[in-house]
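> The structure's right below; bear with me while I get my questions together.
Protein chains in written order, with the numbering used here: chain F, 1 to 314; chain L, 1 to 299.
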């Protein structure tokens with residue numbers, strides 16, 4: 001019983017850490033219409049920065065400042081925001097699909113750095129023994145899992161609340177106006193480049209936070225955690241849940257993470273051990289097909305964006 | 001040293017150029033960046049392997065090449081198969097999404113298709129590399145300090161013929177004119193009596209076929225892996241952007257430039273950062289001249 005409960009708690013912890021990245025993507029794509037295919041890159045920056053700040057000193061990688069986890073997460077958000085500011089300043093004036101290509105290229109390049117800059121990142125072996133939150137409780141698994149889960153619930157609730165406030169504020173209205181009709185919004189005196197960059201940077205900071213949380217909850221990161229498949233998972237979470245809807249982003253994260261881990265357990269039970277790495281590839285095929293089916297049959301996702309109607313017209 | 005960089009760069013550049021033809025054509029015509037295009041190369045390479053295996057082997061080596069007629073037959077079969085695969089993917093997925101109107105949804109769908117296609121191959125063949133043959137590749141000295149394998153020379157020659165044929169087809173045949181006209185303005189083209197659905201089909205056939213050829217050539221000169229096409233994707237986009245979206249001669253030249261830049265960067269930055277070179281060149285081009293070398297449209 002405690003096994004199942006602590007598994008469910010751990011499941012929720014990781015699902016919501018993806019949920020934070022999905023919220024960030026929802027701000028970029030759902031509100032501002034910015035097509036970011038580099039989610040994994042921003043998450044990787046956050047994860048590595050958090051690991052450097054919070055881990056104990058080690059021979060195998062740079063950093064190891066043993067600072068509190070809150071400092072690590074703040075640093076992770078700042079670092080991802082900084083990278084996004086640089087990438088965004090260069091690419092946001094380009095058309096949407098060029099942004100897709102350049103963010104994809106940025107993520108691939110960042111992953112190459114994580115893989116090859118061995119003295120900084122530990123290379124392919126990654127960084128292990130990253131400090132975990134509430135490690136004082138580690139000998140009581142249930143309390144440990146509950147505390148971690150509580151932490152991520154609080155963080156994602158804060159992110160959710162902040163984004164709900166932001167998207168309903170005049171700032172959020174400008175983003176949606178720019179997404180729908182850039183010329184009209186610009187003629188009302190709204191500077192497209194400025195608002196887009198703000199949304200891009202803020203969204204990337206949330207992706208960095210998501211990477212940092214995963215580093216902390218798993219206690220281990222490696223370049224393989226941040227392959228394009230990560231980006232794709234977050235996209236499927238957003239599209240399935242309903243882009244433009246923050247509740248949808250979180251629901252999508254939990255549903256897709258459930259499908260992903262569920263299919264993983266199914267594979268490990270049903271498939272012979274020597275074939276498991278191959279069967280794992282089938283899970284990716286399945287998730288790709290799910291995305292295609294959702295796009296074809298229910299393009300608005302499970303929840304979809306709520307129409308914003310003037311209160312004078314209601 | 002420099003001469004050798006040129007040989008390696010031009011050979012890999014020719015393969016990038018072949019793939020980039022399809023990227024730039026579909027981008028110009030359908031207005032979306034197809035993230036699944038690299039997978040056509042992978043599927044083509046593996047299709048050729050399956051066909052060669054069905055024939056028994058890659059065949060008795062011809063002259064100094066490492067392979068024989070079987071692989072050449074397999075190349076033709078793989079090109080046909082992948083061209084049809086590209087049309088099928090458009091028919092199943094992209095055609096339906098085009099009706100919804102939002103071009104970006106197509107990009108997301110192609111990203112999903114790319115992962116699904118790649119993982120399906122990994123499921124079928126496993127992650128390990130394959131080779132068409134185990135023959136040892138003979139090299140020839142072209143100039144002092146400049147060696148190439150006969151395989152490289154063969155691949156380069158065939159790639160150049162394919163590129164020239166594509167260019168002549170687009171420049172001088174009625175079909176090529178229809179394709180360019182549709183890319184320029186689909187509505188006007190339709191008014192002028194061009195069968196746009198047919199032009200779209202031809203574009204996928206051509207793009208898929210060329211990508212398959214580049215995949216087989218990669219398989220001959222390097223090896224086959226499930227990720228080979230995906231790793232080609234960034235250079236493909238870079239070549240298409242460098243040449244100017246929609247411009248086939250531009251994509252060919254862009255491919256050669258990216259290939260040479262990658263080879264030249266290896267002694268400086270190390271082979272492990274090869275893939276980032278395409279990204280840097282692409283970014284520089286987008287900053288300096290977003291429409292590319294021959295492009296008519298701004299980014």
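Ideal placement from N, C-alpha and C gives every residue a C-beta, glycine not left out.
Fair warning: this is a prediction, and the values are worked out from it, not measured in the lab.
Under 8 Å between beta-carbons, which chain L residues line up against residue 179 of chain F? List them in chain order, please.
For the purposes of this step, residue 179 of chain F is taken as the residue at position 179 of the first chain. Under the 8 Å cutoff, chain L gives no residues; its nearest Cβ is about 11 Å from residue 179 of chain F.
> If you check the beta carbons only, do residue 15 of chain F and residue 254 of chain F fall under 9 Å apart?
The sequence position of residue 15 of chain F within the first chain is 15, counting from 1. The sequence position of residue 254 of chain F within the first chain is 254, counting from 1. Contact flag set, yes.
> Please confirm if residue 91 of chain F has its CB atom under 9 Å from at least one CB of chain L.
Start at 1 with the first residue of the first chain, and residue 91 of chain F comes out as number 91. True, the Cβ-Cβ gap to chain L drops below 9 Å.
> So is residue 135 of chain F buried or exposed if we call it buried at 16+ other beta carbons inside 10 Å?
Against the first chain, residue 135 of chain F aligns to sequence position 135. By the 10 Å Cβ count, residue 135 of chain F comes out exposed.
> Just list the alpha helix (DSSP H) runs in the stretch 27–71 of chain L, keeping only unbroken ones of 4 residues or longer that don't cross its boundaries, in chain order.
Taking only runs of at least 4 residues, the alpha helix (DSSP H) segments lying wholly in the stretch 27–71 of chain L are 37–54.
> Taking the alpha helix (DSSP H) that residue 163 of chain L falls in, what are its first and last residues?
Looking up residue 163 of chain L in the second chain gives position 163. 150–172 is the extent of the alpha helix (DSSP H) around residue 163 of chain L.
> Check whether the stretch 260–268 of chain F touches the stretch 211–221 of chain F, counting contact only when three or more Cβ pairs, one atom from each stretch, lie closer than 8 Å.
The stretch 260–268 of chain F, when compared against the stretch 211–221 of chain F, does not touch it at the 8 Å Cβ threshold.
> Please report the distance separating the alpha-carbon of residue 228 of chain L from that of residue 293 of chain L.
As a position in the second chain, residue 228 of chain L is number 228, starting the count at 1. As a position in the second chain, residue 293 of chain L is number 293, starting the count at 1. If I take the Cα positions, the gap works out to 27 Å.
> Should residue 65 of chain F go down as buried or exposed, given a rule of 16 or more other Cβ atoms within 10 Å for buried?
As a position in the first chain, residue 65 of chain F is number 65, starting the count at 1. When all chains shown are included, residue 65 of chain F counts as exposed.
> Identify, in the order they occur along the chain, each residue of the same chain with its Cβ nearer than 8 Å to the Cβ of residue 132 of chain F, setting aside the five sequence neighbours on each side.
Position 132 of the first chain, counted from the first residue, corresponds to residue 132 of chain F. Same-chain partners within the cutoff: 138, 148, 216, 217, 219.
> Spell out the partners DSSP gives residue 130 of chain L in its beta bridges.
Numbered from 1 along the second chain, position 130 holds the residue referred to as residue 130 of chain L. The partner list for residue 130 of chain L (beta bridge, DSSP) reads L:224.
> Please confirm if the stretch 114–131 of chain L is in contact with the stretch 174–183 of chain L, defined as three or more CB-CB distances below 8 Å between the two stretches.
No contact exists between the stretch 114–131 of chain L and the stretch 174–183 of chain L.
> Under 8 Å by Cβ, that's how I've got residue 107 of chain L and residue 33 of chain L pegged, so tell me the actual separation to the nearest angstrom.
Residue mapping note: residue 107 of chain L aligns to position 107 of the second chain, counting from 1. Residue mapping note: residue 33 of chain L aligns to position 33 of the second chain, counting from 1. About 6 Å separates the two Cβ atoms, so the contact holds.
> Please confirm whether residue 110 of chain F and residue 41 of chain F have their CB atoms less than 9 Å apart.
Counted from its first residue, the first chain places residue 110 of chain F at position 110. Counted from its first residue, the first chain places residue 41 of chain F at position 41. The answer is yes: Cβ separation under 9 Å.
> To which residues does DSSP link residue 147 of chain L through a beta bridge?
As a working note, residue 147 of chain L is residue 147 in the second chain. DSSP, once it has assigned bridges, lists L:141 as partnering residue 147 of chain L.
> Please return the same chain residues whose Cβ sits closer than 7 Å to the Cβ of residue 299 of chain L, not counting the five positions on each side in sequence.
Residue 299 of chain L sits at position 299 when you count from the first residue of the second chain. Note that residue 299 of chain L scores 46 on pLDDT, short of 50, meaning its location in the model is unreliable; the coordinates nonetheless yield the value given after this. Around residue 299 of chain L: 286, 290, 291.
> Residues in the same chain with beta-carbon distance under 7 Å from residue 50 of chain F, minus the five sequence neighbours each way, listed in chain order, please.
Position 50 of the first chain, counted from the start, is the residue given in the question as residue 50 of chain F. So the list reads 72, 73, 75, 76, 212, 215, 216, once near-sequence residues are dropped.
> So, helix, strand or coil for residue 287 of chain F, using DSSP?
Residue 287 of chain F sits at position 287 when you count from the first residue of the first chain. In this structure, residue 287 of chain F counts as helix in the three-state DSSP scheme.
> Residues in the stretch 246–257 of chain L with C-beta within 8 Å of chain F's C-beta atoms, listed in sequence order?
Within the stretch 246–257 of chain L, no residue has a Cβ that lies closer than 8 Å to any Cβ of chain F.
> If the criterion is Cβ atoms closer than 9 Å, does the pair residue 48 of chain L and residue 219 of chain L meet it?
Taking the first residue of the second chain as position 1, residue 48 of chain L is located at position 48. Taking the first residue of the second chain as position 1, residue 219 of chain L is located at position 219. A contact, by the Cβ cut-off of 9 Å.
> For residue 127 of chain F, which residues does DSSP report across the bridge?
In the first chain, the residue the question calls residue 127 of chain F occupies position 127. Partner(s): F:221.
> Ordered along the chain, which non-local residues of its own chain (more than five positions away) have a Cβ less than 7 Å from that of residue 245 of chain L?
For the purposes of this step, residue 245 of chain L is taken as the residue at position 245 of the second chain. Cβ within range, chain order: 24, 27, 28, 292, 295, 297.
> Helix, strand or coil for residue 185 of chain F per DSSP?
In the first chain, the residue the question calls residue 185 of chain F occupies position 185. Note: residue 185 of chain F maps to helix in three-state DSSP.
> Please classify residue 232 of chain L as buried or exposed, where buried requires at least 16 neighbouring CB atoms within 10 angstroms.
Numbered from 1 along the second chain, position 232 holds the residue referred to as residue 232 of chain L. Residue 232 of chain L comes out buried.
> Counting only the same chain and skipping the five closest in sequence on each side, list residues whose C-beta sits under 6 Å from that of residue 83 of chain L.
In the second chain, counting from the first residue as 1, residue 83 of chain L sits at position 83. If we look at residue 83 of chain L and ignore the five residues flanking it on each side, its Cβ neighbours are 205, 208, 209.
> Work out the CA separation of residue 110 of chain L and residue 176 of chain F for me, nearest whole Å.
Locating residue 176 of chain F in the first chain gives position 176, where the first residue counts as 1. Locating residue 110 of chain L in the second chain gives position 110, where the first residue counts as 1. Whole-angstrom Cα-Cα distance: 25 Å.
> With a threshold of 9 Å between beta carbons, is residue 126 of chain L in contact with chain F?
On the second chain, residue 126 of chain L is found 126 positions in, with the first residue counted as 1. So yes, residue 126 of chain L belongs to the interface.
> Would a check of beta-carbon distances place residue 299 of chain L closer than 9 Å to chain F?
Start at 1 with the first residue of the second chain, and residue 299 of chain L comes out as number 299. Bear in mind that the predicted position of residue 299 of chain L carries a pLDDT of just 46, short of 50, making it too unreliable to give a figure here.
> Determine the chain F residues that contact residue 260 of chain L at a beta-carbon separation under 8 Å, and present them in chain order.
The residue labelled residue 260 of chain L in the question sits at position 260 within the second chain. In chain order: nothing, as chain F lies at least about 19 Å away.
> Does residue 12 of chain L pass the burial test, meaning 16 or more other C-beta atoms within 10 Å, or should it be called exposed?
In the second chain, counting from the first residue as 1, residue 12 of chain L sits at position 12. Looking at its Cβ environment, which holds 16 or more other Cβ atoms inside 10 Å, residue 12 of chain L is buried.
> Under 8 Å by Cβ, that's how I've got residue 115 of chain F and residue 62 of chain F pegged, so tell me the actual separation to the nearest angstrom.
By 1-based counting over the first chain, the position of residue 115 of chain F is 115. By 1-based counting over the first chain, the position of residue 62 of chain F is 62. 15 Å between Cβ atoms; not a contact.
> Which chain F residues sit within Cβ distance under 9 Å of residue 336 of chain L?
Because chain L here runs from 1 to 299, residue 336 of chain L falls outside it and cannot be looked at.
> Would residue 273 of chain L pass as an interface residue toward chain F - the criterion being a Cβ-Cβ separation below 9 Å?
Along the second chain, read from residue 1 onward, the residue named residue 273 of chain L stands at position 273. Output row for residue 273 of chain L: interface = yes.
> Taking Cβ-Cβ distances shorter than 9 Å, what residues in chain F pair up with residue 217 of chain L?
If you number the second chain from 1, residue 217 of chain L lands on position 217. Correct list: empty, because the minimum Cβ distance to chain F is about 23 Å.
> With a threshold of 8 Å on Cβ separation, who are the neighbours of residue 257 of chain L within its own chain once the five nearest residues in sequence on each side are excluded?
Within the second chain, residue 257 of chain L is the residue found at index 257, counting from 1. For residue 257 of chain L, where only same-chain residues beyond five positions count, the Cβ hits under 8 Å are 13, 239, 242, 281.
> Examine chain L for any beta-carbon lying closer than 9 Å to the beta-carbon of residue 299 of chain F, and answer yes or no.
Along the first chain, one-based indexing puts residue 299 of chain F at 299. For residue 299 of chain F, the answer is yes, since a Cβ of chain L falls inside 9 Å of its Cβ.
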